[in-house]
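Step one of this worksheet: look at the structure below.
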Amino acid sequence: MDRRTILAFVLIGIIIILTPYYMELVVGDRPRQPDFSELPKSNLELERRRVREPEQKPVVSPERQQEPPPAREEAKQIRDFTPKPVYVETDLFTATFSTAGGTLKSVVLKT
């Protein structure tokens with residue numbers, strides 16, 4: 039390896055090692071996150087009790103039956119759809135698109 043490569047690796051190593059110290063200088067100390075072991079035991083016991091309590095499920099009455107939405111008519115109208123071709127003609131090409139999803143059907147280049 040030549041001298042420039044070795045110098046580059048040394049500088050990269052120095053930067054990697056000194057970056058945390060530089061960040062401490064610029065940003066300062068981070069605020070400490072609360073430690074869960076410092077909480078009083080009474081609060082921990084209350085949290086455990088809250089977690090263990092069973093949740094009450096809502097009662098659903100079987101008397102009401104929901105009617106299906108009138109989507110059958112709309113679905114029938116969608117099935118009756120027939121795609122139509124859309125032609126785009128420019129000086130360079132002629133393209134044919136379908137109205138079913140805007141798909142490209144054909145492209146003819148003009149010479």
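Read in the working numbering, the sequence shown has 81 at position 43, and its numbers run on one by one without any break.
Think of the CB as a built atom: it goes at the ideal place given N, C-alpha and C, for glycine as much as any other residue.
* DSSP on residue 128, reduced to helix/strand/coil? -> What you label residue 128 is simply residue 90 of the sequence shown in a count that begins at 1. Three-state result, residue 128: coil.
* Residues of its chain near residue 131, where Cβ-Cβ distance is below 8 Å and the 5 sequence neighbours each way are ignored -> Along the sequence shown, one-based indexing puts residue 131 at 93. Closer than 8 Å at Cβ, skipping near neighbours: 145, 146, 147 and 148.
* To do: Report the option in 117, 129 and 139 whose CA atom is closest to the CA atom of residue 123.
  => Numbered from 1 along the sequence shown, position 85 holds the residue referred to as residue 123. The option with the nearest alpha carbon to residue 123 is 139.
* Could you pull the start and end residues of the alpha helix (DSSP H) that residue 51 belongs to? => In the sequence shown, residue 51 corresponds to position 13, counting from 1. 41-65 is the span of the alpha helix (DSSP H), which, as asked, contains residue 51.
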